[in-house]
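Visitor: Counting with my numbering, you get residues 68 to 209 for the letters of the sequence shown.
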Amino acid sequence: MDKVIKLPSEKDTIALAHEIAKDVSAPTCIALFGNLGTGKTTFARAFIQSLVGEDTIVPSPTFTIVQTYETAKGEIAHFDLYRLSDPDELTEIDFEEYTQNEITLIEWPEIAMDYLPKKRIEIHLSIENGTHIATIKNDYTQ
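1) Using alpha carbons as the reference points, say which of 205, 119, 103 lies closest to residue 192.
2) What does the alpha-carbon distance come out to for the pair residue 202 and residue 189?
3) What is the DSSP secondary structure of residue 199, counted as helix, strand or coil?
4) If you drop the 5 nearest sequence neighbours on each side, which residues of the same chain put their C-beta closer than 8 Å to that of residue 167?
5) On the CB-based measure, 16 or more other CB atoms within 10 Å of its CB, does residue 231 come out buried or exposed?
6) Which first and last residues belong to the alpha helix (DSSP H) in which residue 79 is found?
7) Quick check: what's the CA-CA separation for residue 208 versus residue 153?
8) Just list the beta strand (DSSP E) runs in the region 100–185, keeping only unbroken ones of 3 residues or longer that don't cross its boundaries, in chain order.
9) If you draw a straight line from the alpha carbon of residue 196 to that of residue 124, how long is it in whole angstroms?
10) Do residue 105 and residue 118 have their CB atoms nearer than 8 Å?
11) Reducing DSSP to helix, strand and coil, say where residue 92 ends up.
12) With a threshold of 6 Å on Cβ separation, who are the neighbours of residue 80 within its own chain once the five nearest residues in sequence on each side are excluded?
Structure below.
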């Protein structure tokens, strides 16, 4: 069953990311869906910082496509697939290897739907009446 959470402030998005991060272990795939400005990067940055350290600089991987981070729970691979135009490009960045073995955060995962593991957490971020909303679809329990 989907879980819907209102996120009235950026602090709420950060708190949600921290809550989810404390329960993950490798391999876990988290697909972040949503339009521009819905909080995907805010969520990803907070998730990574909660596992690596709050002072860790977490740049958006818009141009690098993937950034990796070492944690006590395993490696995190943060993907931003916005700039990909063909799903075949996923093989060039070892996408399947990461999703099968590491903790992966994927912004703009739509192009990779056929390559995402069946067991994954989907977080759909949206804005309704000025309030940010997260709909969590957890296809499995760890």
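Backbone N, C-alpha and C define an ideal beta-carbon position, used for all residues, glycine too.
Please read these numbers as outputs of a predicted model, since none were measured by experiment.
Guide: On the basis of the data shown:
1) Stepping through the sequence shown from its first residue, residue 192 is reached at position 125. For residue 192, the nearest C-alpha among the options comes from 103.
2) The residue given as residue 202 occupies position 135 in the sequence shown. The residue given as residue 189 occupies position 122 in the sequence shown. If I take the Cα positions, the gap works out to 8 Å.
3) Locating residue 199 in the sequence shown gives position 132, counting from the first residue. Taken through DSSP and simplified to helix, strand or coil, residue 199 comes out as strand.
4) If you number the sequence shown from 1, residue 167 lands on position 100. For residue 167, where only same-chain residues beyond five positions count, the Cβ hits under 8 Å are 94, 184.
5) An answer regarding residue 231 cannot be provided, because it is not within the stretch 68 to 209 covered by the chain.
6) Your numbering for residue 79 matches position 12 in the sequence shown. Under the DSSP assignment, residue 79 falls in the alpha helix (DSSP H) whose first and last residues are 77–88.
7) To locate residue 208, count along the sequence shown from 1; it is residue 141. To locate residue 153, count along the sequence shown from 1; it is residue 86. In this prediction, residue 208 scores a pLDDT of 43, lower than 50, which makes its location untrustworthy; the coordinate-derived value is nonetheless stated afterwards. Computed Cα separation, rounded: 31 Å.
8) If only complete runs of 3 or more residues are kept, the region 100–185 shows the beta strand (DSSP E) at 133–138, 141–147, 170–174, in order along the chain.
9) Position 129 of the sequence shown, counted from the start, is the residue given in the question as residue 196. Position 57 of the sequence shown, counted from the start, is the residue given in the question as residue 124. Taking the Cα positions, residue 196 is about 32 Å away from residue 124.
10) The residue labelled residue 105 in the question sits at position 38 within the sequence shown. The residue labelled residue 118 in the question sits at position 51 within the sequence shown. Not closer than 8 Å, so no.
11) Mapped onto the sequence shown, residue 92 falls at position 25. Coil at residue 92, not helix or strand.
12) Counted from its first residue, the sequence shown places residue 80 at position 13. Excluding positions up to five away in sequence, the list reads 74, 106, 109, 110.
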